[in-house]
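What follows is a single structure, written as structure tokens, with notes after it.
2 protein chains.
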Amino acid sequence: MSDKTLRADAERSVRAILEAAEHVLAVDPGASMEQIAAEAGVARTTIHRRFANRQALTDALATSAARQLIKAIDDGRPDTAPPLVAMHRITANVLEVKSAWAFALALPAEPDSEASLLQRDINDRCALTLRRAQNDGLIDEKADLDWVRRVYYALIGESLHGNAEGADSDTLAARIIDTLLHGAGPRPSRSAP
Amino acid sequence: MSDKTLRADAERSVRAILEAAEHVLAVDPGASMEQIAAEAGVARTTIHRRFANRQALTDALATSAARQLIKAIDDGRPDTAPPLVAMHRITANVLEVKSAWAFALALPAEPDSEASLLQRDINDRCALTLRRAQNDGLIDEKADLDWVRRVYYALIGESLHGNAEGADSDTLAARIIDTLLHGAGPRPSRSAP
DNA sequence: ACTAATTGCATCACCTGTGTTGCAGGTTTC
DNA sequence: GAAACCTGCAACACAGGTGATGCAATTAGT
Chain P
1 MSDKTLRADA ERSVRAILEA AEHVLAVDPG ASMEQIAAEA GVARTTIHRR
51 FANRQALTDA LATSAARQLI KAIDDGRPDT APPLVAMHRI TANVLEVKSA
101 WAFALALPAE PDSEASLLQR DINDRCALTL RRAQNDGLID EKADLDWVRR
151 VYYALIGESL HGNAEGADSD TLAARIIDTL LHGAGPRPSR SAP
Chain X
194 MSDKTLRADA ERSVRAILEA AEHVLAVDPG ASMEQIAAEA GVARTTIHRR
244 FANRQALTDA LATSAARQLI KAIDDGRPDT APPLVAMHRI TANVLEVKSA
294 WAFALALPAE PDSEASLLQR DINDRCALTL RRAQNDGLID EKADLDWVRR
344 VYYALIGESL HGNAEGADSD TLAARIIDTL LHGAGPRPSR SAP
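Protein chains in written order, with our numbering: chain P, 1 to 193; chain X, 194 to 386.
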């Protein structure tokens, strides 16, 4: 939770710490608080003042990232836009957030933590959007939606790994949706109805 | 490398240590040597006798796992069997190995290590098999084979995550190949040629 | 401007993991 | 069966991270 009204500079510190933690831990998950503090431009004791221990820090990190992910999904209007449009927009947004918070979002959710609640929320929204896509005929009616969702997640994750070329999110999103729906098999020559 | 002729009991120890390391580190990548030793039923000093430090241990772990993965691929006769058959067999074999050595195979390859050489070998064989599949018309001729390979890897990884139901490798492999080639979109009702 | 909050710094005690050594006793190998 | 090898155990030194504290200096809020 964002605690009681924190003073402006304190809030800046917390943000800096969370961002530093993401960057440092993404490279070395076993990095010390000292390293995180250095990256954040902050004294190690300041981290301990805000976060009692490593667990508290990673919890906050996971929660913060999950919140941003939810915002990214909501920005895609999953409930009102046509499924295909929503999926594309959501995918592009999620790619942005996930590339910025890769470590935080890969963090194993502590049971009963806020982050795990948010994760479930995210899964539900995703499942819902996929169901809408299925009702629209975009997804085969016999498909196992849970598997489809997992494949979707996997494609997003894989897109982030090898993106050294720096392709923009829209391009990546298009490829993800295309692969998710059509796979890699031969296409009927684009001539139909 | 498997060192000079190790005495039989010593070789047993090494195996036990590697397996213990896999199990323990898969749960907690930061686990101590002590924990690994306990799981292996061995004294901590014995680990240090065989592996100078943590790095040496994980290197050996990665190499050992990569070797088994290569064997799993070779057992699928990637060069002689029809591509679809080969892909299915290879996928099933790889699933077995990957589920047993998930941590070891997820290990970031040290540059110039033997494991990284093996990894490249694995990638090459995979790429080759995919090319054969493409030449056979299983994969669209315009498809980006590197992306296809990455998707394939991602599908394998995802299949391993949520396999609490304990589905057998053949079933999982079938789903992977099917999704890879056809995606989740609507299928033409099975009637034509 | 005054107050309260926040921070950096120096310092401390403490714990955990690491890597090494020596030796006695058990196991392989030939 | 003898030699060579391997292992467990105990002990040690050492490095490094952790969490806490007190204080002076800075900064935000009103």
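Built from N, CA and C at the ideal position, the CB exists for glycine as well.
| Ala184 of chain P beta carbon less than 7 angstroms from that of Ala336 of chain X | Indexing the second sequence from 1 puts residue 336 of chain X at position 143. Indexing the first sequence from 1 puts residue 184 of chain P at position 184. Taking a C-beta distance under 7 angstroms as the contact criterion, Ala336 of chain X and Ala184 of chain P qualify as a contact pair.
| In chain order, what residues of the same chain have a beta carbon less than 7 angstroms from the beta carbon of Thr251 of chain X, not counting five sequence neighbours either side? | Your numbering for residue 251 of chain X matches position 58 in the second sequence. Correct list, in chain order: Leu300.
| query | Do Leu254 of chain X and Ala297 of chain X have their C-beta atoms closer together than 7 angstroms? | reply | On the second sequence, position 61 is the one that residue 254 of chain X refers to. On the second sequence, position 104 is the one that residue 297 of chain X refers to. When the beta-carbon positions are compared, Leu254 of chain X and Ala297 of chain X come within less than 7 angstroms of each other.
| request: Could you tell me if Thr171 of chain P is buried or exposed, where buried requires 16 or more neighbouring beta carbons within 10 angstroms of its beta carbon? | output: For this step, residue 171 of chain P is matched to residue 171 along the first sequence. Taking all protein chains shown into account, Thr171 of chain P has fewer than 16 neighbouring C-beta atoms within 10 Å of its C-beta and is therefore exposed.
| request: Verify the contact flag: Thr198 of chain X, CB atom, against every heavy atom of the ligand NAD, threshold strictly below 6 angstroms. | output: For the ligand NAD, the structure offers nothing, since it holds no ligand at all.
| request: Mark Ala249 of chain X as exposed unless 16 or more other C-beta atoms lie within 10 angstroms of its C-beta, in which case mark it buried. | output: Residue numbering aside, residue 249 of chain X sits at position 56 when the second sequence is read from its first letter. Exposed: under 16 other Cβ atoms inside 10 Å.
| task | Just the C-alpha distance for Ala209 of chain X and Ala233 of chain X, rounded to the nearest angstrom, thanks. | result | Residue 209 of chain X sits at position 16 when you count from the first residue of the second sequence. Residue 233 of chain X sits at position 40 when you count from the first residue of the second sequence. Ala233 of chain X has its alpha-carbon roughly 5 angstroms from the corresponding atom of Ala209 of chain X.
| The alpha helix (DSSP H) enclosing Val24 of chain P, as first and last residue numbers | Counting from 1 along the first sequence, the entry for residue 24 of chain P is found at position 24. Per DSSP, Val24 of chain P is one residue of the alpha helix (DSSP H) stretching across 8-27.
| Exposure label - Leu117 of chain P; buried when at least 16 CB within 10 Å | Taking the first residue of the first sequence as position 1, residue 117 of chain P is located at position 117. Exposed: under 16 other Cβ atoms inside 10 Å.
| query | If you measure beta-carbon to beta-carbon, which residues of the segment 343-361 of chain X are closer than 8 angstroms to chain P? | reply | Residues Arg343, Val344, Tyr346, Ala347, Leu348, Gly350, Glu351, His354, Gly355.
| Residues in its own chain within less than 7 angstroms of Gly269 of chain X by CB, not counting five upstream and five downstream? | Within the second sequence, residue 269 of chain X is the residue found at index 76, counting from 1. Ala279, Arg282, Ile283, Asn286, listed in sequence order.
| Does the separation of the CB atoms of Val97 of chain P and Leu130 of chain P fall below 7 angstroms? | For the purposes of this step, residue 97 of chain P is identified with residue 97 of the first sequence, where counting begins at 1. For the purposes of this step, residue 130 of chain P is identified with residue 130 of the first sequence, where counting begins at 1. With contacts defined by Cβ atoms closer than 7 angstroms, Val97 of chain P and Leu130 of chain P do not form a contacting pair.
| query | Is DSSP giving Leu107 of chain P helix, strand or coil here? | reply | As a first step, residue 107 of chain P is located in the first sequence; it is residue number 107 there, counting from the start. Here Leu107 of chain P sits in coil by DSSP.
| request: Enumerate in chain order the residues of its own chain whose CB-to-CB distance from Ala295 of chain X is below 7 angstroms, with the five nearest sequence positions on each side excluded. | output: Mapped onto the second sequence, residue 295 of chain X falls at position 102. If we look at Ala295 of chain X and ignore the five residues flanking it on each side, its Cβ neighbours are Ala219, Leu353.
| message | Contact criterion: CB-CB distance below 7 angstroms. Does Pro193 of chain P meet it with respect to chain X? | response | In the first sequence, counting from the first residue as 1, residue 193 of chain P sits at position 193. Its pLDDT being 46, under 50, Pro193 of chain P is placed unreliably in this model, and the value from its coordinates should be taken loosely. The beta carbon of Pro193 of chain P sits no closer than 7 angstroms to any beta carbon of chain X.
| query | Taking Cβ-Cβ distances shorter than 7 angstroms, what residues in chain P pair up with Leu373 of chain X? | reply | By one-based count along the second sequence, residue 373 of chain X stands at place 180. Those within 7 angstroms of Leu373 of chain X in chain P are Gly183, Ala184.
| said: Any C-beta of chain X within less than 7 angstroms: which residues of the segment 131-144 of chain P qualify? | reply: So the list reads Gly137, Leu138, Ile139, Asp140, Ala143, given in the order they occur along the chain.
| message | By the DSSP assignment, the alpha helix (DSSP H) with Ser32 of chain P in it spans what residues? | response | Your numbering for residue 32 of chain P matches position 32 in the first sequence. No alpha helix (DSSP H) contains Ser32 of chain P, which DSSP labels as neither H nor E.
| Going straight from the alpha carbon of Asn123 of chain P to that of Ser32 of chain P, what length do you get? | One-based indexing of the first sequence puts residue 123 of chain P at position 123. One-based indexing of the first sequence puts residue 32 of chain P at position 32. Asn123 of chain P and Ser32 of chain P: Cα-Cα distance of roughly 32 angstroms.
| request: Return yes when the Cβ of Ala154 of chain P is within less than 7 angstroms of the Cβ of Glu351 of chain X, no when it is not. | output: As a first step, residue 351 of chain X is located in the second sequence; it is residue number 158 there, counting from the start. As a first step, residue 154 of chain P is located in the first sequence; it is residue number 154 there, counting from the start. Contact flag set, yes.
| request: Within its chain, find whatever has a CB closer than 6 angstroms to the CB of Ile73 of chain P; leave out the 5 residues flanking it on each side and keep chain order. | output: Counting from 1 along the first sequence, the entry for residue 73 of chain P is found at position 73. Shown here for Ile73 of chain P: same chain residues with a beta carbon closer than 6 angstroms to its own, the five before and five after excluded, namely Ile90, Arg125 in chain order.
| request: With a 10 Å radius around its C-beta and 16 neighbouring C-beta atoms as the bar for buried, classify Ala192 of chain P as buried or exposed. | output: Locating residue 192 of chain P in the first sequence gives position 192, where the first residue counts as 1. Bear in mind that a pLDDT of 49 at Ala192 of chain P, under 50, signals an unreliable position, so the number given afterwards is only what the model happens to contain. By the C-beta density criterion, Ala192 of chain P is exposed, having fewer than 16 other C-beta atoms within 10 angstroms.
| Where does Leu138 of chain P fall in DSSP's three states? | Taking the first sequence and counting its residues from 1, one reaches residue 138 of chain P at position 138. In the structure shown, Leu138 of chain P sits in coil (DSSP, three-state: anything other than H, G, I, E or B).
| Separation of Ala360 of chain X from His375 of chain X, as counted between CA atoms | Position 182 of the second sequence, counted from the start, is the residue given in the question as residue 375 of chain X. Position 167 of the second sequence, counted from the start, is the residue given in the question as residue 360 of chain X. Their backbone Cα atoms lie some 21 angstroms apart in a straight line.
| message | Going by DSSP in three states, Pro276 of chain X sits in which element: helix, strand or coil? | response | Within the second sequence, numbered from 1, the residue matching residue 276 of chain X stands at position 83. In the three-state scheme derived from DSSP, where H, G and I count as helix and E and B as strand, Pro276 of chain X is classed as helix.
| query | Are the C-beta of Val148 of chain P and some C-beta of chain X separated by less than 7 angstroms? | reply | Here residue 148 of chain P refers to the residue found at position 148 of the first sequence. Yes, its Cβ sits closer than 7 angstroms to a Cβ of chain X.
| task | Please go through the same chain and pick out, in chain order, the residues whose beta-carbon is closer than 7 angstroms to the beta-carbon of Ala214 of chain X, but skip the five residues on each side of it. | result | Reading the second sequence from its first residue, position 21 is the one you call residue 214 of chain X. Closer than 7 angstroms at Cβ, skipping near neighbours: Ile229, Leu250, Leu254.
| said: Check this for me: beta carbons of Ser169 of chain P and Leu95 of chain P, under 7 angstroms apart or not? | reply: Residue numbering aside, residue 169 of chain P sits at position 169 when the first sequence is read from its first letter. Residue numbering aside, residue 95 of chain P sits at position 95 when the first sequence is read from its first letter. If you check the CB distance, Ser169 of chain P and Leu95 of chain P come in under 7 angstroms.
| As assigned by DSSP and simplified to three states, the class of Ala192 of chain P | To locate residue 192 of chain P, count along the first sequence from 1; it is residue 192. Unreliable positioning characterises Ala192 of chain P in this predicted model, as indicated by a pLDDT of 49, which lies under 50. A coordinate reading is not provided.
| query | Out of P:Thr179, P:Gly162, P:Gly137, which has the shortest C-alpha to C-alpha gap to Pro379 of chain X? | reply | For the purposes of this step, residue 379 of chain X is taken as the residue at position 186 of the second sequence. In this structure, P:Gly137 is the residue among P:Thr179, P:Gly162, P:Gly137 with its C-alpha nearest to the C-alpha of Pro379 of chain X.
| query | Of all the residues that make up the segment 220-233 of chain X, which are near chain P by a beta-carbon distance shorter than 8 angstroms? | reply | If the cut-off is 8 angstroms between Cβ atoms, the segment 220-233 of chain X has Pro222, Gly223 near chain P.
| message | What does the alpha-carbon distance come out to for the pair Ala367 of chain X and Arg260 of chain X? | response | Taking the second sequence and counting its residues from 1, one reaches residue 367 of chain X at position 174. Taking the second sequence and counting its residues from 1, one reaches residue 260 of chain X at position 67. Going from the Cα of Ala367 of chain X to the Cα of Arg260 of chain X covers about 24 angstroms.
| field | Contact list for the segment 197-213 of chain X against chain P, Cβ threshold 7 angstroms | value | Answer set for the segment 197-213 of chain X: empty.
| Among residues of its own chain, excluding the 5 on either side of Ala65 of chain P, which ones have a beta-carbon nearer than 6 angstroms to its beta-carbon? | For the purposes of this step, residue 65 of chain P is taken as residue 65 along the first sequence, with counting starting at 1. Cβ neighbours of Ala65 of chain P beyond the five flanking positions: Trp101, Ala104, Leu105.
| request: Report all residues from its chain with a CB closer than 6 angstroms to the CB of Arg243 of chain X; omit the five preceding and five following residues, and keep chain order. | output: Translated into positions along the second sequence, residue 243 of chain X becomes position 50. Excluding the 5 residues flanking it on each side, Arg243 of chain X has same chain C-beta neighbours closer than 6 angstroms at Val207, in chain order.
| request: Could you list which residues in chain X have their beta carbon closer than 7 angstroms to that of Arg187 of chain P, in chain order? | output: As a position in the first sequence, residue 187 of chain P is number 187, starting the count at 1. Here the neighbours are Asp333.
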